[in-house]
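First comes the structure, then the notes that go with it.
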Amino acid sequence: MITNWWDSFLEKDLRFQVVIAFSVILLIVSIALFIIVLRLRARKSRADRKASELIDQIEPIILSLIYEEEDEVDWDHEIVNLRNILTFSMYEFHSYARLSDYLIQLHKQLEGDSAKKIERIYRDLEMPPMTLKLLKDGKWHHKVKAISALSEFRIKNYLFEVIQYMDHPQRLVRDEAQFGAIVLGGKRATGSIVKLNYEMSKWQQLRLIEQCAQLDDEIKSDVLSWMNSQNESLIELALRMCIRMGWYEAIENIPRFISHKREEIRLLSVEAIGELGSADLISELLHRFEVESRKVQIRTLMAIGELDADGRASDFLRGQIMYADYEVALAAAHALYETTSDDEMREFSARLEEDRVVLIEQVLYGAV
Numbered sequence: 018m019i020t021n022w023w024d025s026f027l028e029k030d031l032r033f034q035v036v037i038a039f040s041v042i043l044l045i046v047s048i049a050l051f052i053i054v055l056r057l058r059a060r061k062s063r064a065d066r067k068a069s070e071l072i073d074q075i076e077p078i079i080l081s082l083i084y085e086e087e088d089e090v091d092w093d094h095e096i097v098n099l100r101n102i103l104t105f106s107m108y109e110f111h112s113y114a115r116l117s118d119y120l121i122q123l124h125k126q127l128e129g130d131s132a133k134k135i136e137r138i139y140r141d142l143e144m145p146p147m148t149l150k151l152l153k154d155g156k157w158h159h160k161v162k163a164i165s166a167l168s169e170f171r172i173k174n175y176l177f178e179v180i181q182y183m184d185h186p187q188r189l190v191r192d193e194a195q196f197g198a199i200v201l202g203g204k205r206a207t208g209s210i211v212k213l214n215y216e217m218s219k220w221q222q223l224r225l226i227e228q229c230a231q232l233d234d235e236i237k238s239d240v241l242s243w244m245n246s247q248n249e250s251l252i253e254l255a256l257r258m259c260i261r262m263g264w265y266e267a268i269e270n271i272p273r274f275i276s277h278k279r280e281e282i283r284l285l286s287v288e289a290i291g292e293l294g295s296a297d298l299i300s301e302l303l304h305r306f307e308v309e310s311r312k313v314q315i316r317t318l319m320a321i322g323e324l325d326a327d328g329r330a331s332d333f334l335r336g337q338i339m340y341a342d343y344e345v346a347l348a349a350a351h352a353l354y355e356t357t358s359d360d361e362m363r364e365f366s367a368r369l370e371e372d373r374v375v376l377i378e379q380v381l382y383g384a385v
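In terms of this note's numbering, the sequence shown opens at residue 18 and continues consecutively.
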């Protein structure tokens, strides 16, 4: 029967044979992939089940170490019990990762002595060496988990290893390493940031600023050195940091960025001048005003409002209110309000076209 079918198949048109052969191959491949997926899911389910069973087994011991008084629990004995359990259960990454995630979650939820006990458990279970091995040998997402754990538990003796990943090609790895290095090393880590080549996202910059701000003036010299980096995102980071910390010493380096090719740097430099500069810099802001983007123009007008205490730019601001587009004119009206009284604003409003009067009214109404 099979021979007859095969002979019949060979007698068919070549195109028919190709279609049938392709369909059969596709069916075989689909079945093979289906079997592979089922096996992978089964393997993952077994690993997850083992990891969950591990947590269920050790959780009572860990919670007793955290919450019971030290004289009510034999710390060393319970740690030995935990090690015995883990010796047989933590040969898979899933088990290690679940335990690490569990301890991290507890650590983030607790404070004071309870948090310190979790850190002690993490060390006594010899988790740091396992984490370091994962950092060195694991895939990129394993490296992220490892760095996160080292920084969460303040394993400062691994600072050098974490610093090595601050410029890693994988963004999530380098982001976590940059943050973790500052957590672990403080000023010892900020000196390495100037060497970074990869761009840093705005979100990452804001994240680092929050951590760096805790170091205060200790890292000022390092931050100022970032302004000389070829990595433009580091210039952004330095400007944001100077604005956040109110470092007036930085102002002598900032005006050169007003004409930078990158708009975000121009925006930040104008904002920094408004926050840290003096009225003497208004002329530099006005010099580039006409060639700037609308966003930079609006930021420039905001800076002028901060700096122009004696009203030297009042005529310029009035001109913008009269002739600029709505958003720019409104920003100019806000800036003018910072340097003049309500009566002067109303007097100027009386000389404006009706569609411009509404700008002054909006500023006055909003200021009341």
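For every residue, glycine included, the Cβ atom is placed at its ideal position computed from N, Cα and C.
(request) Within its chain, find whatever has a CB closer than 6 Å to the CB of leucine 152; leave out the 5 residues flanking it on each side and keep chain order. (result) Excluding sequence neighbours, leucine 152 sits near Lys160, Ala163.
(request) Please work out which residues of its chain come closer than 7 Å, Cβ to Cβ, to lysine 219, disregarding the five sequence neighbours upstream and downstream, and give them in chain order. (result) Excluding positions up to five away in sequence, the list is empty.
(request) Enumerate in chain order the residues of its own chain whose CB-to-CB distance from glutamate 423 is below 7 Å, with the five nearest sequence positions on each side excluded. (result) A question about residue 423 goes unanswered here, because the residues of the chain that appear run from 18 up to 385.
(request) Report all residues from its chain with a CB closer than 6 Å to the CB of aspartate 192; omit the five preceding and five following residues, and keep chain order. (result) If we look at aspartate 192 and ignore the five residues flanking it on each side, its Cβ neighbours are Gln221.
(message) If you reduce the DSSP assignment to three classes, tell me which class methionine 258 lands in.
(response) Helix at methionine 258.
(request) Would you mind listing the alpha helix (DSSP H) stretches within the region 188-267 that are 4+ residues and don't spill past its ends, in chain order? (result) You should have 188-202, 204-210, 219-229, 237-243, 249-262.
(message) If the criterion is Cβ atoms closer than 8 Å, does the pair leucine 120 and tyrosine 139 meet it?
(response) Against a cut-off of 8 Å, the Cβ pair of tyrosine 139 and leucine 120 comes out as a contact.
(request) Starting from the C-beta of arginine 329, find all residues in its chain whose C-beta is less than 8 Å away, skip the five residues before and the five after it, and write them out in chain order. (result) The residues are Ala296, Ile299.
(message) Between the alpha carbons of alanine 346 and threonine 317, how many angstroms are there, rounded?
(response) Straight-line Cα distance between these residues: approximately 12 Å.
(request) Confirm, please, whether the CB-CB distance from leucine 176 to arginine 137 is below 8 Å. (result) Using a Cβ distance threshold of 8 Å, arginine 137 and leucine 176 do not count as a contacting pair.
(message) My output table needs one value for valine 385: the three-state DSSP class, helix, strand or coil.
(response) Interpretation of valine 385 is limited by its pLDDT of 42, a score under 50 that renders its predicted location unreliable; no figure is taken from the coordinates.
(message) So for methionine 183, helix, strand or coil by DSSP?
(response) Collapsing the DSSP output to three states places methionine 183 in coil.
(request) Could you round the C-beta distance between glutamate 216 and serine 250 to whole angstroms and report it? I think they count as a contact, below 8 Å. (result) Taking the Cβ atoms as the reference, glutamate 216 lies roughly 5 Å from serine 250, within the contact range of under 8 Å.
(request) Please work out which residues of its chain come closer than 6 Å, Cβ to Cβ, to proline 145, disregarding the five sequence neighbours upstream and downstream, and give them in chain order. (result) So the list reads Ile172, once near-sequence residues are dropped.
(request) Just tell me which of His185, Ala198, Lys156 has its CA closest to the CA of serine 168. (result) Of the candidates His185, Ala198, Lys156, the one whose C-alpha sits nearest the C-alpha of serine 168 is Ala198.
(message) With a threshold of 8 Å between beta carbons, is lysine 134 in contact with chain C?
(response) In the structure shown, chain C cannot be found, because there is only a single protein chain.
(message) Going by C-alpha to C-alpha distance, which of Glu266, Arg58, Ser310, Val97 sits closest to isoleucine 75?
(response) When each option's Cα is compared against that of isoleucine 75, the closest is Val97.
(request) Measure from the alpha carbon of valine 313 to the alpha carbon of each residue in Gly322, Ile37, Ala367, Arg283, then state which is nearest. (result) Measuring from the Cα of valine 313, the nearest candidate turns out to be Arg283.
(message) Distance check for leucine 353 and serine 331, CA to CA, integer angstroms please.
(response) Rounded to whole angstroms, serine 331 and leucine 353 show a C-alpha spacing of 6 Å.
(request) Can you tell me the Cβ-Cβ gap for asparagine 214 and leucine 241, rounded? I've got them flagged as a contact below 8 Å. (result) Rounded, the Cβ-Cβ distance is 20 Å, inconsistent with contact.
(message) Can you check which of these residues, Arg279, Asn245, Leu285, Ile290, is closest to tyrosine 265 by C-alpha distance?
(response) Cα-wise, what sits closest to tyrosine 265 is Ile290.
(message) Can you give me the C-alpha to C-alpha distance between glutamate 235 and leucine 201, rounded to a whole angstrom?
(response) About 15 Å.
(request) Taking the CB atoms as reference points, tell me whether leucine 293 and alanine 255 lie closer together than 8 Å. (result) No, these two residues do not count as a Cβ contact at 8 Å.
(message) Please list the terminal residues of the continuous alpha helix (DSSP H) segment that includes serine 276.
(response) If you look at serine 276, you'll find it isn't in any alpha helix (DSSP H); DSSP assigns it neither H nor E.
(request) Determine the DSSP secondary structure at phenylalanine 170, reduced to helix, strand or coil. (result) Residue state, collapsed to three classes: coil.
(request) Could you pull out every residue in the same chain whose Cβ sits closer than 8 Å to the Cβ of histidine 158, ignoring the five residues on either side in sequence? (result) The answer, listed in chain order, is Leu189.
(request) Specify the secondary structure class of isoleucine 135 as computed by DSSP and reduced to three states. (result) In this structure, isoleucine 135 counts as helix in the three-state DSSP scheme.
(request) Whole angstroms is fine: what's the gap from proline 77's alpha carbon to arginine 58's? (result) In a straight line, the C-alpha of proline 77 is about 29 Å away from that of arginine 58.
(message) Beta-carbon within less than 7 Å of glycine 155's beta-carbon, same chain only, minus the 5 sequence neighbours each way: which residues are those?
(response) Around glycine 155: Ala163.
(request) Please confirm whether leucine 381 and aspartate 360 have their CB atoms less than 8 Å apart. (result) Contact flag unset, no.
(request) Indicate the three-state DSSP secondary structure (helix, strand or coil) for alanine 296 in the structure shown. (result) Helix.
(message) Let me confirm a value: leucine 376 is counted as buried when at least 16 other C-beta atoms fall within 10 Å, else exposed. Which label applies?
(response) Classification of leucine 376: buried, given that the 10 Å Cβ count is 16 or more.
(request) Using only alpha-carbon positions, find the residue among Leu116, Asp130, Leu55, Leu44 that is nearest to glutamate 143. (result) Of the candidates Leu116, Asp130, Leu55, Leu44, the one whose C-alpha sits nearest the C-alpha of glutamate 143 is Leu116.
(message) If you reduce the DSSP assignment to three classes, tell me which class aspartate 141 lands in.
(response) Residue state, collapsed to three classes: helix.
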